[in-house]
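Heads up: the structure comes next, in structure tokens.
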Amino acid sequence: AQKITQTQPGMFVQEKEAVTLDCTYDTSDPSYGLFWYKQPSSGEMIFLIYQGSYDQQNATEGRYSLNFQKARKSANLVISASQLGDSAMYFCAMREGADTGFQKLVFGTGTRLLVSP
Amino acid sequence: GAGVSQSPSNKVTEKGKDVELRCDPISGHTALYWYRQSLGQGLEFLIYFQGNSAPDKSGLPSDRFSAERTGGSVSTLTIQRTQQEDSAVYLCASSLEAPTEAFFGQGTRLTVV
Numbered sequence: 131a132q133k134i135t136q137t138q139p140g141m142f143v144q145e146k147e148a149v150t151l152d153c154t155y156d157t158s159d160p161s162y163g164l165f166w167y168k169q170p171s172s173g174e175m176i177f178l179i180y181q182g183s184y185d186q187q188n189a190t191e192g193r194y195s196l197n198f199q200k201a202r203k204s205a206n207l208v209i210s211a212s213q214l215g216d217s218a219m220y221f222c223a224m225r226e227g228a229d230t231g232f233q234k235l236v237f238g239t240g241t242r243l244l245v246s247p
Numbered sequence: 004g005a006g007v008s009q010s011p012s013n014k015v016t017e018k019g020k021d022v023e024l025r026c027d028p029i030s031g032h033t034a035l036y037w038y039r040q041s042l043g044q045g046l047e048f049l050i051y052f053q054g055n056s057a058p059d060k061s062g063l064p065s066d067r068f069s070a071e072r073t074g075g076s077v078s079t080l081t082i083q084r085t086q087q088e089d090s091a092v093y094l095c096a097s098s099l100e101a102p103t104e105a106f107f108g109q110g111t112r113l114t115v116v
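One line per chain: the protein sequences are A and B, in this order. The opening residue of the first sequence carries number 131 in the numbering used here; numbering runs sequentially from there. The opening residue of the second sequence carries number 4 in the numbering used here; numbering runs sequentially from there.
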């Protein structure tokens, strides 16, 4: 079974608007971490934001926020006030086992975001 | 070094040859990962090293692929008898044994001709 599911292969947004990139996950481990990475056309992997399974509040980092719905097992990334430079591939990832010993970092298939002027 | 370093950055090899890809993780990072990314695709997990524990090799696609990590630091991914379908970018990442992000290298672009 897929551990991380990103159902949107591509998304379009106009500059200055907000966009939500979906991510659902599957785990029976009560302790895990969720991550979002950005991969521009240059190929580098850029860490954006982290959410721990025990965190009470949704994570925020500047224009990025993570809409964490634990009961639904979703961890959607919200980008506010989109900029042209946000055009990139976005990957959701999970790492299980923070209490018992960390397991490998597993990635979703990604969502390609295109920001238009 | 300041970040994860991978070498070479590009490698062109003939089908059937063996190749070695190197990864120098961030000093002090106990976790090290190898991923493969084909053009326009996601990250395919290959292998995960965590401290002195046995590595998680569950992502290696065939017995032509192997990896080792010496002294808990540098890692080498070896692909024997390369095939054209092995052409991809091979990414290495390292992290602390903590709920923090993994840092990625720039990758090695492997082309098998």
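Ideal Cβ positions, reconstructed from N, Cα and C, are used throughout, including at glycine.
Closer than 9 Å at the beta carbon, the chain A residues around Asp-27/B:
Residues of chain A passing the Cβ test: none, with the nearest at roughly 16 Å.
Quick one: what does DSSP say Gln-169/A is sitting in, helix, strand or coil?
strand
Evaluate Glu-88/B with the Cβ neighbour count: other Cβ atoms within 10 Å of its Cβ, from every protein chain shown; 16 or more gives buried, anything less gives exposed.
exposed
Is the CB of Lys-200/A under 7 Å away from at least one CB in chain B?
no
By how many angstroms is the C-alpha of Val-149/A removed from the C-alpha of Val-208/A?
As the crow flies, the alpha-carbon of Val-208/A is around 6 Å from that of Val-149/A.
In this structure, how does DSSP classify Leu-214/A when only helix, strand and coil are distinguished?
Residue state, collapsed to three classes: helix.
What's the gap between the Cα of Gly-108/B and the Cα of Ile-29/B?
10 Å
DSSP on Thr-73/B, reduced to helix/strand/coil?
helix
Counting only beta-carbon atoms, is Met-175/A nearer than 7 Å to chain B?
Chain B, which has a Cβ nearer than 7 Å to the Cβ of Met-175/A, makes this yes.
For Glu-104/B, does the count of other Cβ atoms within 10 angstroms reach 16, so buried, or fall short, so exposed?
buried
Buried or exposed: where does Val-7/B fall if 16 or more other Cβ atoms within 10 Å of its Cβ makes it buried?
buried
Val-116/B, buried or exposed, once every other Cβ within 10 Å from all chains shown has been counted against 16
exposed
Below 7 Å on C-beta distance, what does Gly-163/A contact in chain B?
By Cβ distance, chain B contributes Pro-102.
Please give me, in chain order, every unbroken run of the beta strand (DSSP E) with length at least 3 that falls completely inside the region 178-228 of chain A.
194-199, 204-209 and 218-226
Could you tell me the distance, in whole angstroms, from the CA atom of Ser-195/A to the CA atom of Lys-60/B?
Rounded to whole angstroms, Ser-195/A to Lys-60/B spans 33 Å at the Cα level.
Once DSSP output is grouped into helix, strand and coil, what is the label at Glu-23/B?
strand
Taking Cβ-Cβ distances shorter than 8 Å, what residues in chain B pair up with Gly-238/A?
Under the 8 Å cutoff, chain B gives Gly-45.
Can you round the beta-carbon distance between Gln-136/A and Cys-153/A to whole angstroms, since I take them to be within the 8 Å contact cut?
6 Å
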